[in-house]
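*Asks:*
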Amino acid sequence: MERKYSIITGFMGKVQDRFIDYQPPRDIKDMIEMASRVKGCSGLEVVYPQNFTDPKEIKNILDAYGLGVSTVNLNVKGEEKWRYGSFSNPDPKIRREAVEALKRAMDHAAALDCSTVTTALLNDGVDYPFELNYLDAFQYTLEGIREAAEYRKDIKISLEYKQSEPRIHCLLNNAGKMAYLAQMTNQENVGVTLDFGHALQALEVPADSASFLGQTGKLFYVHINDNFRNWDWDMVPGTVNLWDYIEFALALKKVGYNGWITADVFPQRHDPIMIMEKTFDWMDYIFAIADKIDEDKLAQMQKELKTFEIMDYIRSLL
1 MERKYSIITG FMGKVQDRFI DYQPPRDIKD MIEMASRVKG CSGLEVVYPQ NFTDPKEIKN
61 ILDAYGLGVS TVNLNVKGEE KWRYGSFSNP DPKIRREAVE ALKRAMDHAA ALDCSTVTTA
121 LLNDGVDYPF ELNYLDAFQY TLEGIREAAE YRKDIKISLE YKQSEPRIHC LLNNAGKMAY
181 LAQMTNQENV GVTLDFGHAL QALEVPADSA SFLGQTGKLF YVHINDNFRN WDWDMVPGTV
241 NLWDYIEFAL ALKKVGYNGW ITADVFPQRH DPIMIMEKTF DWMDYIFAIA DKIDEDKLAQ
301 MQKELKTFEI MDYIRSLL
């Protein structure tokens, strides 16, 4: 099966942590040009409104480099107005702005020949006890996402969950809760973005999360990266959790996921082009191992509870 890899635009420009800025600032044209030089890259996840506002302009640039759009990433966390949340914000004016921003992102996705908008509601949450009415917050979010989904049935809304950051406790922080919200909208075009590193940080088993979301029909989009489960470090996939990644790749295969696979990898102290090429190279290696697995043989060993026979079998394929 041919796999489509993409890169988030922002990672080709300036990135920063709490202490240091990495890479020089670049405009969207320079980011796209850099991405076009990454071996294996077929498209970009374009961030709205930070990286673009005019879909015609950005489409012309993408077309010139032969790149597609994996998704439009609606950023509702990078501006001052989203400080206390977006779709769950206690202020109805801010909630209205979030809904309208999502609708505009959906329109832009259609103009870019893209079928999906993804968004991570990471400012929706709390830092201290009693800070938020959780019942209201969930209901506000549900109503806002439902309204946007009804606005354009032809565009999917893929919601990304995370345990924490920037809020200490994000409202929508695991695969199950996000899938439930998506189901509660009663809209077929609402689903979930599964970020491998976020699943690790939430102490999930990524293959389990992929299987669950795929089985429920809510696995819309995938981000790849890696970490030590203590923070969302956005490392090259497979460099830390190789076993988990092989199992994850097999789970994607089993549920028939054939959508984009996007590098959410932080270049930090390394050349961004090299880091993205390593990301796709490692993923090709991981998928190649998963493709070698005899699923009937594995299923029989699982039924017989032959745990270490299974591990030895997988190890023989490395």
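Here the sequence shown stands for residues 1 to 318, numbered as in the UniProt record's numbering.
In this text, a Cβ means the ideal position worked out from N, Cα and C, and glycines have one as well.
Three or more C-beta pairs under 8 Å: does that hold for the region 71 to 81 against the region 105 to 117?
*Replies:* Touching, yes, given that three or more Cβ pairs across the two stretches are closer than 8 Å.
*Asks:* So the candidates are Y151, D244 and V236; which of them puts its Cα closest to the Cα of D208?
*Replies:* Residue D244 is the option with its Cα nearest to D208.
*Asks:* Any chance you could list the alpha helix (DSSP H) runs of at least 4 consecutive residues sitting entirely within the region 225 to 256, in chain order?
*Replies:* Segments of the alpha helix (DSSP H) lying fully in the region 225 to 256: 242 to 254.
*Asks:* Nearest-angstrom Cα distance between D17 and F11?
*Replies:* About 13 Å.
*Asks:* Check whether the region 87 to 99 touches the region 38 to 54, counting contact only when three or more Cβ pairs, one atom from each stretch, lie closer than 8 Å.
*Replies:* Too few Cβ pairs lie closer than 8 Å, so no.
*Asks:* Is M283 closer than 8 Å to I224 when the C-beta atoms are compared?
*Replies:* In this structure, M283 lies closer than 8 Å to I224 by Cβ.
*Asks:* I'd like to check one pair, A263 with A290: are the Cβ atoms closer than 8 Å?
*Replies:* Not in contact: A290 and A263 (Cβ atoms no closer than 8 Å).
*Asks:* Classify H270 as helix, strand or coil using the three-state DSSP reduction.
*Replies:* Looking at H270 - three-state DSSP - the assignment turns out to be coil, as it is neither helix nor strand.
*Asks:* Using three-state DSSP, classify V38 as helix, strand or coil.
*Replies:* Three-state DSSP puts V38 in coil, outside helix and strand.
*Asks:* Just list the beta strand (DSSP E) runs in the region 82 to 142, keeping only unbroken ones of 3 residues or longer that don't cross its boundaries, in chain order.
*Replies:* With a minimum length of 3 residues, the continuous beta strand (DSSP E) runs that stay inside the region 82 to 142 are 116 to 120.
*Asks:* How many angstroms separate the CA atom of D281 from the CA atom of K14?
*Replies:* Near 23 Å, if we compare the C-alpha coordinates of K14 and D281.
*Asks:* Looking at A137 and V190, is the spacing between their C-beta atoms short of 8 Å?
*Replies:* Not in contact: V190 and A137 (Cβ atoms no closer than 8 Å).
*Asks:* So, is F220 buried or exposed, given that buried needs 16 or more other C-beta atoms within 10 angstroms?
*Replies:* So F220 counts as buried.
*Asks:* Starting from G197, trace the alpha helix (DSSP H) in both directions and tell me its first and last residue.
*Replies:* G197 -> alpha helix (DSSP H) spans F196 to Q201.
*Asks:* Roughly how many whole angstroms lie between the Cα atoms of L172 and A179?
*Replies:* Roughly 10 Å between the two C-alpha positions.
*Asks:* Among A210, Q215, N258 and Q201, which residue has its Cα nearest to the Cα of W231?
*Replies:* The option with the nearest alpha carbon to W231 is Q201.
*Asks:* Is the Cβ-Cβ distance between I275 and V222 less than 8 Å?
*Replies:* No. Outside cutoff.
*Asks:* Could you give the distance in angstroms between the alpha-carbon of T239 and the alpha-carbon of D271?
*Replies:* The straight-line gap from Cα to Cα measures roughly 17 Å.
*Asks:* Measure the alpha-carbon distance for V265 versus R146 and round it to whole angstroms.
*Replies:* Roughly 30 Å separates the two Cα atoms.
*Asks:* Quick one: is E79 buried, meaning 16 or more other Cβ sit within 10 Å of its Cβ, or exposed?
*Replies:* The residue is exposed, with fewer than 16 neighbouring Cβ atoms inside 10 Å.
*Asks:* By a C-beta neighbour count over all protein chains shown, 10 Å radius and 16 as the cutoff for buried, is L318 buried or exposed?
*Replies:* It is exposed - the Cβ of L318 has fewer than 16 other Cβ atoms within 10 Å.
*Asks:* In chain order, what residues of the same chain have a beta carbon less than 8 Å from the beta carbon of E33, not counting five sequence neighbours either side?
*Replies:* Within the same chain, E33 has close Cβ partners Y65.
*Asks:* Assuming A98 and V76 form a contact by the criterion Cβ under 8 Å, report the distance between their Cβ atoms to the nearest whole angstrom.
*Replies:* Confirmed, about 6 Å.
*Asks:* Could you spell out where the alpha helix (DSSP H) holding T307 opens and where it closes?
*Replies:* T307 to S316 is the span of the alpha helix (DSSP H), which, as asked, contains T307.
*Asks:* When you compare only the Cα positions, how much space is there between G256 and P237?
*Replies:* Going by the C-alpha atoms only, they are around 21 Å apart.
*Asks:* With a cut-off of 8 Å on the beta carbons, I'd call S158 and V126 a contact; round off their distance for me.
*Replies:* The Cβ separation is near 24 Å, so there is no contact.
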